[in-house]
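Reminder that position 49 of the sequence shown reads as 49 in UniProt numbering, one-by-one numbering, no gaps. Don't be surprised by glycine CBs; every beta carbon is placed ideally from N, CA and C. Keep in mind the model is a prediction, meaning the values are calculated, not measured. The structure under discussion appears below in the form of structure tokens.
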Amino acid sequence: MERRKFIVTTAALAAFGSDLMAFPFSKNEVKNGFLVKSGEARFGKHTPFRGVNPNDLKISSKDTGGQMSAFEYIGVEKTGPSLHVHLEQDEVFYVVEGEYLFQLGDSQHQLKAGDTIFLPRNIPHTWIQTSDKGKLFYILQPAFKMEEFFQTMTDLGRPPTEEEAQKISLAHGIRNVGPPLTLK
């Protein structure tokens, strides 16, 4: 270990002791692993995006002490979320199948199967499926309140109004800043 890193780490441990070692993990972390099969959600709760596209939780914040959550999205329609900003988390998307157009800030990127994109917090982003069918695997880190966000949107039972969408989003650390992408 480099001398400077060693000194900083030692000073932090001395100042914060066991409290530093406990953060940010929780007692709910899974220690033995688990399996979530295709078509299943982690706790049996499906949260389809826009009520149609399967968007299943595969790894929960409860499994990782709040460090991350992971979802599998299966696109059956050419749609995507509003332009938005995550205030507390980064996202990583991996395209399993199909093609997607991602917007990150002012740049747009066409992704196909096998491509990965990193979307840092506090940078506006969105995406739209451009192929007839698609599949994404994505991770949010830290997990923050994304599982609750998707559950709240699902429980609404209908598309939210713009005002409802912004209120629900803000309550879960997301700020909508523009419309979704459209295909021309």
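Check	Outcome
Cα-Cα separation between N53 and T79, rounded to whole angstroms	9 angstroms
Best match in G134, P124 and F34 for proximity to E91 [C-alpha to C-alpha]	P124
Outcome for V177 when other beta-carbon atoms lying within 10 angstroms are tallied against a minimum of 16	exposed
Distance between beta carbons of G134 and E99, contact taken as under 8 angstroms	7 angstroms
Under 9 angstroms between C-beta atoms of K62 and A41	no
C-alpha distance - S169 paired with M153, whole-angstrom precision	9 angstroms
Among G65, R50, G51 and F49, the one whose alpha carbon lies nearest that of K31	G65
Cut-off 8 angstroms between Cβ atoms - residues of its own chain near T182, not counting five sequence neighbours on either side	I128
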